Amino acid sequence: MARALGQAGAQTRARTGGRFLPHKVRRHFLPLDTVSGVSGRRRASQSCADRAGVFVVVGAGYATRGDPTMKLYFSPGACSLASHIALIESGADFEATKVDLSKHETEHGEDFYAISPRGYVPAIVTDEFGLLTENSAVLPYLASATGTLPGGEAHFRLHEWIGFIGTEIHGAYGPLFGGADGDAKAKAKQTVAEKYQLAETLLDGRDWLVAEGPTVADNYLFVTLLWADKFGIDVPQSLQAFRDRNSQRDSVQQAMKAEGLS
1 MARALGQAGA
11 QTRARTGGRF
21 LPHKVRRHFL
31 PLDTVSGVSG
41 RRRASQSCAD
51 RAGVFVVVGA
61 GYATRGDPTM
71 KLYFSPGACS
81 LASHIALIES
91 GADFEATKVD
101 LSKHETEHGE
111 DFYAISPRGY
121 VPAIVTDEFG
131 LLTENSAVLP
141 YLASATGTLP
151 GGEAHFRLHE
161 WIGFIGTEIH
171 GAYGPLFGGA
181 DGDAKAKAKQ
191 TVAEKYQLAE
201 TLLDGRDWLV
211 AEGPTVADNY
221 LFVTLLWADK
231 FGIDVPQSLQ
241 AFRDRNSQRD
251 SVQQAMKAEG
261 LS
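Residue numbers for the sequence shown, in the numbering used here: 1 to 262.
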């Protein structure tokens, strides 16, 4: 089980568009017994409040009590790391379960196909919707649930970036993850490098993808840049700086440590 760690102040430093959330939203990330005046009208699900030992979705974030019901299925270093980072950064309690994708088996010996028929990560189990998969759904859901989904134009730009990263960059890694060698490997590496060149153009000199601070889309791009290191793919200097900038985030370091990557 993973618990979002950090100092008390850090637990409330959820960001929206690079700005700190207002106090009335940040306070929802505190444990339930420290949140005063939480009424049934502000709970997303009154039935959740009536059950001991579950989290209650409150406003834009989580108030927690006892064992969390948000569960993340991840594979170390896979794209699910982006979700892992988001959950830790939110300050919410959650359970993280490692999946061996070569066997499609969880660390507890469960058949992962029985949990998620798609058989890959990320997969999250929520009290609200049950099983949810695919980065294009999971990442915006986590941003919305934890109060970090930006509004206005940035909202749509975030979806635009997640779509681009998933289809163009992540998708281009397919042959490499599939064990391509020789000319096929060289061609795949070149294709990925070209996608990063396009990403640099789209980033247009900004530090972050859609806002003044990191979002779930930044998490996703960062994870793919870790793969670039693994496969020896050349990336533009600006994206190397982007990778290094993300590496300094507390939530990134905690998630990588939790997955045995540092």
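The C-beta atom is built at its ideal place from N, Cα and C for all residues, glycine as well. Quick caveat, the model's predicted, so the values are computed rather than measured.
Closest residue to residue i among the options (Cα-Cα distance)
| i | options | result |
| --- | --- | --- |
| arginine 249 | Leu101, Glu153 and Ser90 | Ser90 |
| tyrosine 120 | Gly260, Thr126, Val138 and His155 | Val138 |
| threonine 126 | His104, Ile115, Ser102 and Lys71 | Lys71 |
| glutamate 160 | Gly178, Gly179 and Ala199 | Ala199 |
| leucine 142 | Ser251, Ile124 and His108 | Ile124 |
| glutamine 237 | Gly171, Gly205, Asn219 and Ser247 | Gly205 |
| tyrosine 220 | Asp229, Ala145, His170 and Arg118 | His170 |
Nonlocal neighbours in the same chain, by C-beta distance under 7 Å from residue i, ignoring five residues either side
| i | result |
| --- | --- |
| arginine 243 | Phe222 and Leu225 |
| tryptophan 227 | Tyr173 |
| isoleucine 233 | Lys189, Val192 and Ala193 |
| glycine 166 | Asn135 and Ser136 |
| leucine 149 | Pro140, Ala143 and His155 |
Nonlocal neighbours in the same chain, by C-beta distance under 6 Å from residue i, ignoring five residues either side
| i | result |
| --- | --- |
| methionine 256 | Ser262 |
| aspartate 218 | Trp208 and Leu209 |
| phenylalanine 129 | none |
| tyrosine 73 | Thr97, Val99, Val121 and Ala123 |
| histidine 108 | none |
| serine 102 | none |
Test item: CB-CB of residue i and residue j under 7 Å
| i | j | result |
| --- | --- | --- |
| glutamine 253 | isoleucine 88 | no |
| alanine 86 | valine 216 | yes |
| phenylalanine 231 | leucine 176 | yes |
| proline 76 | glycine 213 | no |
Supposed contact pair residue j and residue i - C-beta distance, whole angstroms, cut 8 Å
| i | j | result |
| --- | --- | --- |
| arginine 245 | aspartate 207 | 7 Å |
| lysine 185 | glutamate 168 | Not quite, the Cβ-Cβ distance comes to about 19 Å (not below 8 Å), so this is no contact. |
| asparagine 135 | alanine 82 | 7 Å |
| threonine 133 | proline 122 | 7 Å |
Paired residues, beta bridge with residue i - DSSP
| i | result |
| --- | --- |
| lysine 98 | Phe74 |
| glycine 182 | According to DSSP, glycine 182 bridges with nothing at all. |
| alanine 137 | Alanine 137 is not bridged to any residue. |
Beta-carbon contacts of residue i that lie in its chain and below 8 Å, excluding the five residues immediately before and after
| i | result |
| --- | --- |
| isoleucine 162 | Asn135, Ser136, Leu139, Pro140, Val216, Ala217 and Tyr220 |
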